[in-house]
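Novice: Read top to bottom, the protein sequences are chains C and U.
The numbering of the first sequence is the numbering used here, which starts it at 1 and goes up by one.
The numbering of the second sequence is the numbering used here, which starts it at 1001 and goes up by one.
Beta carbons are placed, not taken as given, at the ideal position from N, Cα and C, and that holds for glycine.
Structure incoming, see below.
There are 2 protein chains.
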Amino acid sequence: MVSTFTSQGLIRTLMTFTQKLGRAAAATEARLTKLLDELAPPEQTSSRLAAAIRHAVLGGGKRFRPFLVIESAALFGICEDEALNTAAALECLHCYSLAHDDLPAMDNDTMRRGQPTVWHAYDEWTAILAGDGLLTFAFEILAQPETHADAAIRLALIGELASASGARGMVGGQALDLEAEKIDESGAATLQSIRSLQSMKTGALIRFACASGPILAGARAADCERMKSFGDVLGFAFQIADDLLDVEGTPEEVGKAVAKDADAGKATLVSLMGLEAARLQLAELEREAIALLKPFGAQGVTLAQAASFVVNRRN
Amino acid sequence: MVSTFTSQGLIRTLMTFTQKLGRAAAATEARLTKLLDELAPPEQTSSRLAAAIRHAVLGGGKRFRPFLVIESAALFGICEDEALNTAAALECLHCYSLAHDDLPAMDNDTMRRGQPTVWHAYDEWTAILAGDGLLTFAFEILAQPETHADAAIRLALIGELASASGARGMVGGQALDLEAEKIDESGAATLQSIRSLQSMKTGALIRFACASGPILAGARAADCERMKSFGDVLGFAFQIADDLLDVEGTPEEVGKAVAKDADAGKATLVSLMGLEAARLQLAELEREAIALLKPFGAQGVTLAQAASFVVNRRN
């Protein structure tokens, strides 16, 4: 007998936003652990690689992108369990990008989430291969029948994730960012050029996360487009908030080095806009995000809270 | 009116093996160029990244893996044009692995196919991101409807390629190899341990290439297994031949540095077996490969020639 009192829907209603985020993180961590046991058992690969992959992906992080997958799926009637493979695949993709971005040849970061970065805990070649392995896992997970019974939907997820994370998306954004930093020192960055590279570098995966719900539900194209717009607004807000934290946060709050951009003399959205205008822009983006959720009524409340969370986050 | 004299089948019969290899390479190059123009147009990404990706993947190489895709597809009645997206995806995957393996943190190679390696022509971060982009493209290409009309077949290709190239396959093999070289200097390598790591590091992609034909044709499982066995034998032969070239070849023949393994005091299949036993093993593998093709009769002749080509190659 199923008790309505303990049903997933009622529990969700009674939880605070932070509880929901924590619950999604725990569920993602559990699914990632299960999938890694299948896909990277230490006895079927290098034990060093298996450990580095787990270091890169387990035991930390807000799991904000998986949370967006789970909540955008819930908005279209897909339960958490049916969204978790997609959430885990996206987190593998995100964590590969961190393992590679932290490398000495790129951002040269030694700490991440209060822990040593993968190359710092192991070495460079292990971090490069751990990232390569995680990137490959993302697509292996999405190809599994457990991700969705409908082959066309799994292919849509794979196509969208590849396009969001490749040269026209995340990898391209990271290249534009490094190009500006390491090669083109002319300082010709404009708000538009930074907006565009950030939309590729960090925006594309957030947009994928928000679109994955309607894709999993086989929703109509207009719903997918609306959720992509929501993801765009959220991603833009996420980046401004990140830049503000780099200016205003402490390493203890943020869990990694701060003031890196200013120390490097690097133009950011915030340095070009100014602090006050950046804060006003954030508030405007919060309003835009919430307006995009209006057609979903009360169902949209958690994602609206997510927008407020992004705008106000301190880590 | 279709002339039988110019039909693809008749042309194939009249060509020598080297002509077929060259023709497959040219067709793969053309398809890769077309796909890169769609997936990595310089105006939609970093122009530096777009150039590095092209440097990594265009203008060189025997395209042996794409050739195996095309020929294993032909064996099951799939024409070249219908196999080329799969061939191109596999070549993107292979070229990403070269771009990463050549990095200073891994094999530290400066020349490849007679050209500077990607990191040597650009820099390390560009080579890491070019590799990441190419790995992502492989899956983006396989997800395209142009690769095969049937979604289930595209997913089978994606699942097989991910499994062949990830931590249980190519990436895991490279990690085992570097672990032995850079960490475990105890020299405890056995023929079995090297055989196992090479089967992951270089064998898995060759196995995928040979299995992709029956997968594209929706052939029965027994045919897929037979072609995987053929790929295993071919991959093993490929590795022994590669080790022999490292001992016996000149840099001019091979297009890259030779005697690297001996200089590094690294155990290889050949150093453990001895030269004579290695040559005998190669001849035995050639016989095994040809025996596996027997059920296909005269249709199997090109792949049989491929086995002989691998055994006798000088570059």
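Using a 10 Å radius around the Cβ and a threshold of 16 neighbouring Cβ atoms, would you call residue 1079 of chain U buried or exposed?
Specialist: Exposed, since its Cβ has fewer than 16 Cβ neighbours within 10 Å.
Novice: Considering only residues of the segment 1084-1155 of chain U, which uninterrupted alpha helix (DSSP H) runs meet the minimum length of 4 residues and lie entirely inside it, listed in chain order?
Specialist: If we require 4 residues or more, the alpha helix (DSSP H) runs fully inside the segment 1084-1155 of chain U come out as 1118-1121, 1124-1143.
Novice: Are the Cβ atoms of residue 247 of chain C and residue 259 of chain C separated by less than 9 Å?
Specialist: Against a cut-off of 9 Å, the Cβ pair of residue 259 of chain C and residue 247 of chain C comes out as a contact.
Novice: Name the residue from C:262, C:75, C:239 whose alpha carbon lies nearest to the alpha carbon of residue 205 of chain C.
Specialist: For residue 205 of chain C, the nearest C-alpha among the options comes from C:239.
Novice: Taking Cβ positions, are residue 127 of chain C and residue 56 of chain C nearer each other than 9 Å?
Specialist: Yes, these two residues count as a Cβ contact at 9 Å.
Novice: Specify the secondary structure class of residue 312 of chain C as computed by DSSP and reduced to three states.
Specialist: It is helical.
Novice: Between the segment 44-62 of chain C and the segment 1169-1186 of chain U, can you find at least three pairs of beta-carbon atoms closer than 8 Å?
Specialist: Judged by Cβ distances under 8 Å, the segment 1169-1186 of chain U makes contact with the segment 44-62 of chain C, as three or more pairs qualify.
Novice: How big is the Cα-Cα spacing for residue 66 of chain C and residue 153 of chain C?
Specialist: Each residue's Cα considered, the two are about 18 Å apart.
Novice: Give me the Cα-Cα distance between residue 29 of chain C and residue 58 of chain C, rounded to the nearest whole angstrom.
Specialist: Using only the alpha carbons, I get a separation of about 7 Å.
Novice: State the start and end residues of the unbroken alpha helix (DSSP H) segment that holds residue 76 of chain C.
Specialist: From DSSP, residue 76 of chain C is part of no alpha helix (DSSP H); its letter is neither H nor E.
Novice: Say whether chain U places a C-beta atom closer than 9 Å to the C-beta of residue 140 of chain C.
Specialist: Yes, because at least one Cβ of chain U sits closer than 9 Å to the Cβ of residue 140 of chain C.
Novice: Among the candidates C:212, C:201, C:262, whose CA atom is the shortest distance from the CA of residue 236 of chain C?
Specialist: It is C:201.
Novice: Who are the neighbours of residue 1105 of chain U on chain C, taking C-beta pairs under 7 Å?
Specialist: The answer, in chain order, is 124, 125, 128.
Novice: Would you tell me roughly how many angstroms separate the C-alpha atoms of residue 100 of chain C and residue 1158 of chain U, rounded to the nearest one?
Specialist: In a straight line, the C-alpha of residue 100 of chain C is about 23 Å away from that of residue 1158 of chain U.
Novice: Tell me which residue opens and which closes the alpha helix (DSSP H) that residue 1214 of chain U is part of.
Specialist: Element bounds for residue 1214 of chain U: 1204-1216.
Novice: Just to make sure I have the definition right: I need the residues of chain U whose C-beta is within less than 7 Å of the C-beta of residue 100 of chain C. Which are they?
Specialist: Result: 1128, 1132.
Novice: Can you tell me whether residue 1287 of chain U is buried or exposed? The criterion is at least 16 other CB atoms within 10 Å of its CB, across all chains shown.
Specialist: Exposed, because fewer than 16 other Cβ atoms sit within 10 Å of the Cβ of residue 1287 of chain U.
Novice: Thinking C-alpha only, which one of U:1040, U:1219, U:1173, U:1306 is nearest residue 1198 of chain U?
Specialist: When each option's Cα is compared against that of residue 1198 of chain U, the closest is U:1173.
Novice: Using a Cβ-Cβ distance under 9 Å, would residue 244 of chain C count as near chain U?
Specialist: No, because no Cβ of chain U sits closer than 9 Å to the Cβ of residue 244 of chain C.
Novice: Using the beta-carbon count (16 or more within 10 Å), is residue 298 of chain C buried or exposed?
Specialist: Flag for residue 298 of chain C reads exposed.
Novice: Taking a Cβ distance cut-off of 7 Å, strictly less, list which residues of the segment 148-171 of chain C are near chain U, in chain order.
Specialist: For the segment 148-171 of chain C, which is checked against every Cβ of chain U, the residues closer than 7 Å are 151, 152, 154, 155, 158, 159, 162, 163, 165, 166, 167, 168, 171.
Novice: Starting from residue 1287 of chain U and walking both ways along the alpha helix (DSSP H), at which residues does that stretch end?
Specialist: Its alpha helix (DSSP H) spans residues 1275-1292.
Novice: With a cut-off of 8 Å, do at least 3 Cβ pairs link the segment 1092-1099 of chain U to the segment 1119-1136 of chain U?
Specialist: Cβ pair count under 8 Å is three or more, so yes.
Novice: Is the shortest distance between the beta-carbon of residue 48 of chain C and the beta-carbons of chain U less than 9 Å?
Specialist: Closer than 9 Å: yes.
Novice: State the CB to CB distance for the pair residue 1109 of chain U and residue 1117 of chain U, rounded to an integer number of angstroms; the pair is presumed to be in contact (CB under 8 Å).
Specialist: 5 Å between Cβ atoms; contact.
Novice: Within the 9 Å Cβ cut-off, does residue 1182 of chain U reach chain C?
Specialist: Chain C contact via Cβ: present.
Novice: To the nearest angstrom, how far is the alpha carbon of residue 1023 of chain U from that of residue 1064 of chain U?
Specialist: The straight-line gap from Cα to Cα measures roughly 11 Å.
Novice: What span of residues does the alpha helix (DSSP H) with residue 194 of chain C cover, start to end?
Specialist: Note, residue 194 of chain C: alpha helix (DSSP H), 191-198.
Novice: What residue range is occupied by the uninterrupted alpha helix (DSSP H) comprising residue 1170 of chain U?
Specialist: Per DSSP, residue 1170 of chain U belongs to the alpha helix (DSSP H) from 1170-1182.
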